[in-house]
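Chemist:
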Amino acid sequence: MSSRVLVILVLLLVVTSQLHAVEQAAIQIGSWSSEQVHITDLQVEINLQSTGLAINATAKQVQLTEPVGQLSNVRLRCDTLRWLSGQIDCQSGQLDFTHALWGNQKIAFNSKSRAEEENYQLTLTGIQLGQGSMNVQADYQQGQWQAELTGKNIALNSLVKFIGPYVNEKQLEMLSQWNINAVMNVDAELTGHQTRLASAKVSGKLREVMFADPTGSYAGEALAAQIQVALQIENDRWSWQQTLTIDDGQTYLEPIFLDLAEQSVTLSSEGQFNNANKTWQINSVKFAQSTSISANGELKGEATQLTHLQIDLSSVDLAQLYKDWLKPFIPGSSLSHLQTRGELTASLQWQPEQYQFQMNLQSVTIVDDAGRFAIENLEGKLGWTNQATVIPIDLRWSSASILSLPLGGSTLQAEASQNQIYFSNLSLPILDGELSLNDFQLSLDEAQGRSWQFEGVLSPISMDQLSPLLGWPTLQGKLSGMIPKVSYADEEIIVDGALLLKLFDSSTVIKDLRLQQPFGSLPQLYANIDINRLDLQTLTNTFDFGTISGKLNGRIHNLRLSNWQPVQFDALFETPEEEPGRRRISQRAVNNLSQIGGGPAAILSRGFMGLFEDFSYSKIGLSCRLMNSVCQMDGIEPAEQGYYIVKGGGLPPWINVIGYNREVDWPELIARLKAVSQSDGPVIQ
Amino acid sequence: MGLLKWLMGSTAGLMLISCVTINIYFPAAAAEKAADRIIEDVWGRENPNQLQPTESEDSSSALKQNMPLAMQVLNWLVSPAQAEANLNINSPAINALQAKMKQRHDKLHPFYQTGAVGLTNNGLITLRDASAVPLKDRNTVNTLIAEENQDRKALYAEIARANGHPEWESDIQETFARRWISNAAKGWWYQQGGSWQQK
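First to last, the protein sequences are chains V and L.
Each residue of the first sequence is one higher than the one before, starting from -14 at the first, in our numbering.
Each residue of the second sequence is one higher than the one before, starting from 17 at the first, in our numbering.
#1: Here's the rule I'm using: 16 or more other beta-carbon atoms within 10 Å means buried, otherwise exposed. How should V:T374 be labelled?
#2: Looking at the C-beta of V:P503, does it have a partner C-beta in chain L at a distance below 8 Å?
#3: According to the neighbour-count rule (16 or more other Cβ atoms, all chains shown, within 10 Å of its Cβ), is V:A512 buried or exposed?
#4: Between the Cα of V:T527 and the Cα atoms of V:R573, V:P458, V:I570, V:P551, which residue gives the shortest distance?
#5: Applying a beta-carbon distance threshold of less than 7 Å, which residues of chain L neighbour V:G356?
#6: Taking the alpha-carbon positions, what's the V:K190 to L:T136 distance?
#7: Rounded to a whole number of angstroms, what is the C-alpha to C-alpha distance between L:P96 and L:A45?
#8: Identify the residues that DSSP records as bridge partners of V:R62: which are they?
#9: I need the boundaries of the beta strand (DSSP E) containing V:H293, first residue and last residue.
#10: Going by the beta-carbon positions, is the gap between V:G462 and V:L485 smaller than 8 Å?
#11: Does the distance from the C-beta atom of V:I533 to that of V:I514 stay below 8 Å?
#12: When you compare the CB positions of V:Q372 and V:Q339, do they come within less than 8 Å of one another, or not?
#13: Would you say V:N513 lies against chain L (beta-carbon separation less than 8 Å)?
#14: Going by DSSP in three states, V:A167 sits in which element: helix, strand or coil?
#15: Take every Cβ of the stretch 547 to 555 of chain V, pair it with every Cβ of the stretch 568 to 575 of chain V, and state whether three or more of those distances are shorter than 8 Å.
#16: Below 7 Å between beta carbons is the criterion; list the residues of the stretch 308 to 328 of chain V that meet it against any residue of chain L, in chain order.
#17: Taking the C-alpha atoms as reference points, what is the distance between L:Y172 and L:G131?
#18: Alpha carbon to alpha carbon, what distance is there between V:S224 and V:D124?
#19: Exposed or buried, what is V:L33 when buried is set at 16 or more other beta-carbons lying within 10 Å of its beta-carbon?
#20: Any Cβ of chain L within less than 8 Å of the Cβ of V:V552?
#21: With H, G and I counted as helix, E and B as strand and the rest as coil, what does DSSP make of L:V58?
#22: Any beta carbon of chain V sitting closer than 8 Å to that of L:T159?
#23: Using the rule of at least 16 other Cβ atoms within 10 Å of the residue's Cβ for burial, across every protein chain shown, is V:M119 buried or exposed?
#24: Taking 8 Å as the threshold (beta carbon to beta carbon), is L:P126 in contact with chain V?
#25: Can you find the residues in the same chain that come closer than 7 Å, C-beta to C-beta, to V:G88, ignoring five residues on each side of it along the sequence?
#26: How would you list, in chain order, the residues of chain V whose beta-carbon sits under 9 Å from the beta-carbon of L:L140?
#27: Using a Cβ-Cβ cut-off of less than 7 Å, list which residues of the stretch 41 to 61 of chain L approach chain V; keep chain order.
#28: Below 9 Å on C-beta distance, what does V:D232 contact in chain L?
#29: Check whether the Cβ atoms of V:Q248 and V:Q274 sit closer than 8 Å, and answer yes or no.
#30: Could one say the Cβ of L:D167 lies closer than 8 Å to chain V's Cβ atoms, at least one of them?
#31: For V:L208, which option in V:A197, V:Q502, V:T236 has the closest C-alpha, if you only look at C-alpha atoms?
#32: Three or more beta-carbon pairs under 8 Å between the stretch 532 to 552 of chain V and the stretch 515 to 523 of chain V, yes or no?
#33: Tell me the DSSP bridge mates of L:H121?
#34: Between the C-alpha atoms of V:G606 and V:I621, what's the straight-line distance to the nearest angstrom?
#35: On the criterion of 16 or more Cβ atoms from any shown chain inside 10 Å, does V:T560 qualify as buried, or is it exposed?
#36: Taking Cβ positions, are V:T325 and V:A304 nearer each other than 8 Å?
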C-alpha cells in the first residue's frame, strides 16, 4: 500500500511541474516513513516514454515490519508503468534487494492494480530460496485472494530459517535440535479472505529427505516421497484429504525400521478438525506397506487425545509383518527369534478404558529359531477384550512342539472376556499319550502381569519314546500323572501335586516341581523325586552295567537343573530295609561300581574273588550331594577310611565294595558313568 | 557390678550382631577374581587394561578397614579363611552363559568402540548413542543389548545360586559392574554417577 502512496506522490510532483518541458524527473526524497515502512536514501527517477512511464526507484534501506524486516540496496524498476483511469499496471518490472536471510534477490514482477475496485494482481518470478527458486502469482479482489506458488529444488533447511518468526521459542528450540533436510518441488494453490486462509491444495515431490531427532529415536535417510494435501477451511471447521507415498530410503521410528526402497509405504487420510472445540475426526485412514500390511481405520480425538479408534488390518505375508512390525517390540524375549508364515486379518476397536481385538489366522506357522516351540498350520479366530462381551476363540493346528516334545494336532474352543481367556478342556497328544488341560484360565493384570493356570491329567507316555527326546538313554516304563494344579505367574510355572513315573518296575513320584523362566536365558527347574522299589536287574540290564538283582529305594531331593543340566541335588539310593528276594551282584557290576567309586582300592580282594561269577550282598547304597560341581559321596555305612557301597551278606561268597573318595568331581563322575555304560567292561582275573 | 552388667550386655549384643554379619559376609575379593576371569574370557585378552592384582587386594583391605574392630576380632576367631570361601564359577550353566556372551561379544565389540553402546553402573549395557548406529542395524543392536543384559542377569543370579547363596546376587552384580568398567578397553564409555565417561 505504501508504495502506491509513494507513486502517487511522485506523479503529483511530476504533474505539477511543467509537463512539456520535463521528460525526465529525478527526485531525491531522502528518508520517508510511515507506520509500516521506513525508507532511507530514497531516490526516484521517472522517464516519460511513448509506452508509458518508466520508473526507477532506489533506496539504501527499506525497513518493513516483521517478519520481513530490513531490505538493503533496494531497486525497483518498471519501464512500462501505465496509469490509466485508476488502473496502474507494470507489465515487466524488476525488484532487487538484499536481505539477511533471503540473500540477494532479483525478482521479476508483473502487477496490475485497480485501487477503486480493490483489485490487485501480482506475479513474482525468480524468488531465490537457497539453491532453489519460487514463483508466485497472486490475485486480490475486495478481500478475496488466491495465490499460486511453484517451487523448484527448494531445500527444506533453507525454509526452516524463514519460519523462525512464526513459531514460538520452545518449538524453535526443538526444531533446532532436530536435523531435518529435504529437497522439494512444490505446487500450491491457496485461496483466502483478508488475512485468513480458506483453502489450500499442495502437491509436492520430496527427495533426499533426511531427519534425525537428538536422541536417535526417529531418523530417516535418503527418503523420496510424493505428497498431496487438500485443505478447506470454513469458519472453524477444517477438512483435509492427504496422500503420502514414500518409495525410497530407510527410516527408523523407534523401534520400527523400514526399508522403503524394498517395501514402499502409502498413507492416506481424510478428516476434519474443529478449531472451536479442538475435536478432530479422521473418517478414513489407509496405510499400506506392499504385501506385509494394509490397514484401514477411523479415528476421533480431542486436542492431542485419542478418543476413538477402529482399525482393520490384513497381511498376506506374516513373515514380513513379524519382521517389521512385531519383532522390534520384543527384543531379547522368547518370541524375538521366530520364523513365521501365513496370512491374517485383524480388527481393533479402542476407546478410553475399552478395547476389543479380534484376529483371523490362515495357514499360520510359527517356529522358534532355538527350537523351543513351534506350531504348524494354525487356523481359526482368536481375540482379546477388557469388556464383559465374550469373544469366541476357535483354533486348530496340525502339529506343535514344546521343548523338544512333539505335540500332535488339536483343536481349541475358548472364550475371551474381561482380560481373560478361559476354556474347559484341551487335549494335547504327546507321543502315545495325552496331556489333558482342564479349566484353563489365562489372565492379564496390570499389576501382576500375565498369569495362567489349569488342572490336568497326563495319560501314560512310553518312556522308550520320551527318553531319547530328553537326551536320556532309552528307558522302559511309563510316565503318567494327575496334576491337581499348574500355575504360571512371575515367569514361574509351579506344579502342585505329583507326577507319577513308572520306571524299572518302580513308582517314581516327582513333587514340588517348579520351572523358572522356561524360555529365558537359563531355565531353572526345581523338584523333589522319590523312587520306590526300583528293580535293579532291569536297570542294570538296560545300561549294560553287569547284573545286580534286588530292589532299590531312592530319593533325589532339592534337585535343581539349570539350563536342563543338574547342578544341585541331595541324592540317596539304598536297598530297602524289608525286601525279600535275591540280592546278587555280578563281577562286572562290582568292577563297574568300583570304577565309579574312583579306583582299584574299592575292592577288598581280587585274586580269590575272581573265581566267582556273582556274589550275594545284604545291602547296597550310595549317596551324592551335588554342589559346586562336586559330588560329596557316601555309602550305606562307614568303613575304615571309607564307606560301604556294597556290603556282603546272605549265602557266601560275599563281597564288600568300599569307596574312599568322599569328593568326586561331578563332570568326571558323569564321564565315568558314560564310559562304563559304553565299554564292554574289563574281566577280573 | 553395674560395669560388669553393662559389659556383659553389650558383649552379648555385639556377638549377636556380629554373628548375623558373618552369615551374610560376601567374599568380595574372591568375587572380583571370579568376575575378572569371566570378563577376560568374554572380552578376550585384547583389552590393554588387564586386571591389576593390586586392585582387588586394595578393595579387600579397604573392606577390612571399614569393618568395626569387634567384627575383625570375631573374624579372626572364627577363621576368616572359612568365611572367605572361593567363589565357584565352573557350573555347566555358567559355562554355557559365558560361551553365549563370548560369542555375542564379537558382534557387540564395534558398538563399544564407537560409543554407541556403553557400560552402565549396574553391571549391564545400554544404547548410549543411537545415532552412532546405522539405521538398519538399530534393531539388531537393541536385540543384542537385550539379550546380553538377560544373560548377564542370569549369570549374576546363577553364580549366587551355584555357590549356595542366592541372596548374594546383588553383591555379585555390583562386583561385576565395577570389574566390567575396570577391564573396559580404552575409548569405551561407562556410566559414573549418572553421567557418561570415556576410558
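Note that the Cβ used here is the ideal one computed from N, Cα and C, for glycine as well.
Modeler: For this structure:
#1: Label assigned to V:T374: exposed.
#2: False, the Cβ-Cβ gap to chain L never drops below 8 Å.
#3: buried
#4: V:P458
#5: The premise fails here: V:G356 is roughly 15 Å from chain L at the closest Cβ pair, so nothing lies under 7 Å.
#6: Distance between the alpha carbons of V:K190 and L:T136 is about 44 Å.
#7: Confidence at L:P96 is low in this model, with a pLDDT of 38, below 50, so its placement is unreliable and the value that follows should be read with caution. So the two alpha carbons sit approximately 12 Å from each other.
#8: V:N41, V:Q79
#9: 290 to 300
#10: no
#11: no
#12: Taking 8 Å as the Cβ cut-off, V:Q372 and V:Q339 qualify as a contacting pair.
#13: Output row for V:N513: interface = no.
#14: Here V:A167 carries a strand assignment [DSSP, helix/strand/coil].
#15: no
#16: P313, P316, G317, S321
#17: 25 Å
#18: 24 Å
#19: V:L33 comes out exposed.
#20: yes
#21: helix
#22: Look at L:T159: its C-beta is under 8 Å from a C-beta on chain V.
#23: buried
#24: Judged by the 8 Å Cβ criterion, L:P126 is not in contact with chain V.
#25: Q113
#26: Neighbours of L:L140 on chain V: none; closest Cβ ~12 Å, over 9 Å.
#27: Within the stretch 41 to 61 of chain L, no residue qualifies.
#28: Residues of chain L passing the Cβ test: none, with the nearest at roughly 17 Å.
#29: yes
#30: yes
#31: V:T236
#32: A contact exists between the stretch 532 to 552 of chain V and the stretch 515 to 523 of chain V.
#33: In DSSP, L:H121 forms no bridge with anything.
#34: 5 Å
#35: Result: buried.
#36: yes
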